[in-house]
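Colleague: In the working numbering, the protein residues as written are 59 to 272.
Virtual Cβ for every residue (Gly too), placed ideally from N, Cα, C.
Quick one: the structure is below, and I'll ask about it shortly.
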Amino acid sequence: MLDQILTIQNDSKNRIGNVVIMGIGEPLDNYENVVKFLRLINHKDGVNLGARHISVSTCGLVPEILRLVEEKIPVTLSISLHAPNDTIREKIMPVNKRYSIDKIIEACKIYTEATNRRITFEYAMIDEVNDSKESALELAKRIRGMLCHVNLIPVNTVSDTGFERSSKEKIAVFKEILERHGVETTVRRELGSDINAACGQLRRSLMEDGQTVY
59 MLDQILTIQN
69 DSKNRIGNVV
79 IMGIGEPLDN
89 YENVVKFLRL
99 INHKDGVNLG
109 ARHISVSTCG
119 LVPEILRLVE
129 EKIPVTLSIS
139 LHAPNDTIRE
149 KIMPVNKRYS
159 IDKIIEACKI
169 YTEATNRRIT
179 FEYAMIDEVN
189 DSKESALELA
199 KRIRGMLCHV
209 NLIPVNTVSD
219 TGFERSSKEK
229 IAVFKEILER
239 HGVETTVRRE
249 LGSDINAACG
259 QLRRSLMEDG
269 QTVY
């Protein structure tokens, strides 16, 4: 990971200003290497990138979130939440059977209190799954008062998943309910979905064609 940053900076002659650790796989499953990387890019003799310019995405591995508190590297945590309750989340994220939403949110509160860094809750908007007014209200009640931000993501349509994107109208209503209850909310800008090259789409199409994806 460090080599990628150094290569890009060397080739482009531009300094990398932000780093986001996410993608296929769970970053905190590779905890030791991720923390080593964070220290290298944060250190003044390394890349010298401020912690507030570094984000780590996780599906909500509670023990590792609590370990990060002890590392004293106050990066921004992005939590792939995607549901207001355990019933819905377990249907779309099996990891919820290990760590419930209550446990994740409690760990997030400990993290924000220790670091004074705002948590980002990622929430993929899936039609007729997690996009109802009731879901918005339930989510708002769970997280209001926290140092947090919700990022609503219009889910990218991928064949065979059975998931469809929520309508713009539903997303707008969901956002309005959260904001009315004091939860700062944005809607992620879409890129690439019109040519099936957005998040998850390109990899899926290559897999269906029998190609190896690296």
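Taking just the CA atoms, how far does V105 sit from D160?
Modeller: Computed Cα separation, rounded: 36 Å.
Colleague: Kindly confirm or deny that the stretch 116-129 and the stretch 148-164 touch, where touching means at least three C-beta pairs closer than 8 Å.
Modeller: As far as the Cβ criterion goes, the stretch 116-129 touches the stretch 148-164, which means the pair count is three or higher.
Colleague: Between which two residues does the alpha helix (DSSP H) harbouring V231 extend?
Modeller: Note, V231: alpha helix (DSSP H), 226-238.
Colleague: Keeping to the same chain, check which residues put their C-beta closer than 7 Å to that of I274; ignore five residues upstream and five downstream.
Modeller: Absent from the structure is residue 274, since the part of the chain shown begins at 59 and ends at 272.
Colleague: If contacts are defined as beta-carbon pairs under 8 Å, then L236 and A194 qualify, I think. What distance do you get, rounded to the angstrom?
Modeller: Their Cβ separation, rounded to whole angstroms, is 6 Å, which keeps L236 and A194 in contact under 8 Å.
Colleague: For R147, count neighbouring C-beta atoms within 10 Å of its own C-beta (all shown protein chains included) and say buried if the count is 16 or more, exposed if not.
Modeller: Classification for R147: buried.
Colleague: Quick one: what does DSSP say E180 is sitting in, helix, strand or coil?
Modeller: E180 falls in the strand class under three-state DSSP.
Colleague: Closest by CA to D144, which one among I137, Y157, S136?
Modeller: Nearest C-alpha to D144: Y157.
Colleague: Which residues mark the beginning and the end of the beta strand (DSSP E) in which P121 is found?
Modeller: Run containing P121: none in the beta strand (DSSP E); it sits in the alpha helix (DSSP H), 120-129.
Colleague: Please name the residue in R175, F221, C206 whose C-alpha comes closest to that of P212.
Modeller: Out of R175, F221, C206, F221 has the C-alpha closest to the C-alpha of P212.
Colleague: Do E180 and I150 have their C-beta atoms within less than 8 Å of each other?
Modeller: Cβ distance not < 8 Å, so E180 and I150 don't count as in contact.
Colleague: Just grab the DSSP bridge partners of S273 for me.
Modeller: Examination of residue 273 is not possible in this model, given that the chain is present from 59 through 272 alone.
Colleague: Could you tell me which of L205, T170, L135 sits nearest to E84, measuring between CA atoms?
Modeller: Minimum Cα distance to E84 is reached at L135.
Colleague: List the whole-angstrom C-beta distance separating T243 from V208, where the pair is believed to meet the contact cut-off of C-beta under 8 Å.
Modeller: Indeed, because the Cβ distance is near 5 Å, the residues count as touching under 8 Å.
Colleague: May I ask you to list the residues that DSSP assigns as paired with P212?
Modeller: Partner(s): M183.
Colleague: Is N76 near H111, with beta carbons less than 8 Å apart?
Modeller: Yes. Within cutoff.
Colleague: Given V93, which residues of its chain have a CB within under 7 Å of its CB, disregarding the five upstream and five downstream residues?
Modeller: So the qualifying residues of the chain are E129.
Colleague: By the three-class DSSP mapping on this structure, what secondary structure does C117 have?
Modeller: Residue state, collapsed to three classes: coil.
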